[in-house]
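J.: Quick note: the sequence shown uses the working numbering, first residue 212, plus one each step. We treat Cβ as the ideally placed atom computed from N, Cα and C, and that holds for glycine.
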Amino acid sequence: VLYVFADANIAGYDAGLAYKRSGKAGLEDALNTVGVWGKAGIDMFTLQADLGATFLQKDEDAEGAGDDDKSLAFGYGAKVTAEVTDEVTVYAQYKGKQTGFDNAGWPVSELELNATYDDSSLKVAGTFTQDLNAKSNKVKAEAYYRFSDTLGYGDLFKSDKYFTNTAPAVGLVANLEDFSIKDVTLNVASPVVEDMVWARAMAKYAPEPGKDDEGKDVTVNHFEVGAYAHVKVTNKLTVEPSVEYKTKDSVIDLTGKASYLIGSSEDVALNLTVQKVMVAEDAEEATAKEVLKAGVTVKF
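#1: Which value, in whole angstroms, describes the spacing of the CA atoms of M407 and Y302?
#2: Can you give me the Cβ contacts of T338 inside the same chain, cut-off strictly under 6 Å, excluding the 5 residues immediately before and after it?
#3: My assumption, with CB atoms under 8 Å, is that N243 sits in contact with F266. Please give the rounded CB distance.
#4: Have a look at Y367 and A380 and give me their C-alpha separation to the nearest angstrom.
#5: Which residues bound the beta strand (DSSP E) around G426?
#6: If you draw a straight line from the C-alpha of K349 to the C-alpha of T340, how long is it?
#7: Using 7 Å as the threshold, is the C-beta distance between D297 and S331 below it?
#8: Which residue spans inside the stretch 218-265 form an unbroken beta strand (DSSP E) run of at least 3?
#9: Thinking just about the alpha-carbon of each residue, which of A480, M413 and V485 is nearest to the one in K457?
#10: Closer than 6 Å by C-beta to V462: which residues in its own chain qualify, once you throw out the five before and the five after it? Chain order, please.
#11: Whether or not the stretch 432-443 and the stretch 472-490 are in contact is what I'm after, with contact meaning three or more pairs of Cβ atoms, one per stretch, closer than 8 Å; do they touch?
#12: Using C-beta distances below 7 Å, list every residue in its chain close to K447, excluding the 5 sequence neighbours before and after it, in chain order.
#13: Buried or exposed, going by whether 16 or more other CB atoms sit within 10 Å of the CB of A345?
#14: Sorry if obvious, but does the Cβ on L483 come closer than 6 Å to a heavy atom of the ligand PLP?
#15: Measure the CB-CB distance between Q480 and V450 and report whether it falls below 7 Å.
#16: Which residues mark the beginning and the end of the beta strand (DSSP E) in which I473 is found?
#17: What does the alpha-carbon distance come out to for the pair K459 and F434?
#18: Counting only the same chain and skipping the five closest in sequence on each side, list residues whose C-beta sits under 6 Å from that of G227.
#19: Start and end of the beta strand (DSSP E) containing Y364?
#20: Rounded to whole angstroms, what is the Cα-Cα separation between T484 and E455?
#21: Terminal residues of the continuous beta strand (DSSP E) containing L322?
#22: For P418 versus N398, is the C-beta distance shorter than 7 Å?
#23: When the Cα of D464 is compared with those of D389, D493, V502 and W409, which residue comes out closest?
#24: How would you write the range of the beta strand (DSSP E) that M489 sits in, first residue to last?
#25: If K306 sits next to E321, beta carbons under 8 Å apart, how far is it from one beta carbon to the other, in whole angstroms?
#26: Nearest to Y224 by alpha carbon, out of Y214, A260 and L333?
#27: Name the two residues that bound the continuous beta strand (DSSP E) containing L333.
#28: Between the alpha carbons of D478 and G506, how many angstroms are there, rounded?
#29: If you reduce the DSSP assignment to three classes, tell me which class F374 lands in.
#30: Can you give me the C-alpha to C-alpha distance between A251 and L258, rounded to a whole angstrom?
#31: Going by C-alpha to C-alpha distance, which of F390, L362, V319 and Q268 sits closest to Y287?
In structure tokens, the structure reads:
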């Protein structure tokens, strides 16, 4: 797969051009896709439009086919964003594509609506997505509270970011499909000892359809919990213990990671990982395992 991108700002308007060439059977059978996009701001509104086209080669062996027997498959989208106040933003977006458009992640026909409140300590957002082709919908509701703006809301609970924060943070995210709960996740992270120990905890509720002993449809409630720590023992040695438990298959995951910086720089590190996963004897999906892994990481 070959990708080429070009972006430009013309008289205050953003625009871009993209090209994709992909194919499994060789260059002669490759698909060529060209896309353009543009974005402009008008008062409190931001308008964005996307248009792409895949050049399709019809079967040359088909009856009536010729050298010029080609067609196009389009992908398209439009988004309107309104900054109601400094803290409140809303947007409406539509995406669609024709059969043959070479972008698997682009929906056939989808409408999305969002409203977000975002200030220095609190972020609350709600997103409604309607799949007009499959006649299904998704709802995502999220809320975050942070006592410091050191980290962005999207980085508060990332495993490689939370230990750079200077104050506690909490987040709650709920996902629904066709107005039924898919999962609800609560995250909490906080420094424990200044510049030395950070902790993070997670709890997740994820119901699934199942059968009872009589074969009747029921909802099976599954829970996941996790506790994680980042300990800066010295300027060179870091230890990260964690424990996770999942009610599905009764999974217990005990993991310990250690990293030791070699030399005077922070570019070379010796890493050690020890892990033990225990599961129920009748586990259907999870697998028990033991891991001992050592390696060297070099940053370039």
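T.: In short, the structure shows the following:
#1: Taking the straight line joining both Cα atoms gives about 41 Å.
#2: The residues are N325 and K351.
#3: Contact flag correct, Cβ pair sits at about 5 Å.
#4: The amino acid at residue 367 is misidentified as Tyr; the sequence shows Leu. Looking at the two C-alpha atoms, the distance is approximately 7 Å.
#5: Neither: G426 is in no beta strand (DSSP E) and is coded neither H nor E.
#6: 5 Å
#7: Not a contact, by the Cβ cut-off of 7 Å.
#8: If one requires a minimum length of 3 residues, the beta strand (DSSP E) runs lying completely within the stretch 218-265 are 224-233 and 242-253, in chain order.
#9: Taking the Cα of K457 as reference, the smallest distance to any Cα among A480, M413 and V485 is reached at M413.
#10: The beta carbon of V462 sits closer than 6 Å to the beta carbons of V490 and A497 from its chain, once the five residues preceding and following it are set aside; these are given in chain order.
#11: no
#12: Y471 and L472
#13: exposed
#14: Only the bare structure without any ligand can be found here, which leaves the ligand PLP out of the picture.
#15: The question names Gln, but residue 480 in the sequence shown is Ala. Taking the C-beta atoms as reference points, V450 is found no nearer than 7 Å to A480.
#16: Premise fails: I473 is in no beta strand (DSSP E) and is neither H nor E.
#17: 7 Å
#18: D218 and W248
#19: Careful: Y364 lies outside any beta strand (DSSP E) and carries neither H nor E.
#20: Distance between the alpha carbons of T484 and E455: 16 Å.
#21: Counting along the chain, the unbroken beta strand (DSSP E) around L322 starts and ends at S320 to D329.
#22: no
#23: V502
#24: V479 to M489
#25: 5 Å
#26: A260
#27: L333 to D342
#28: 14 Å
#29: helix
#30: 5 Å
#31: V319
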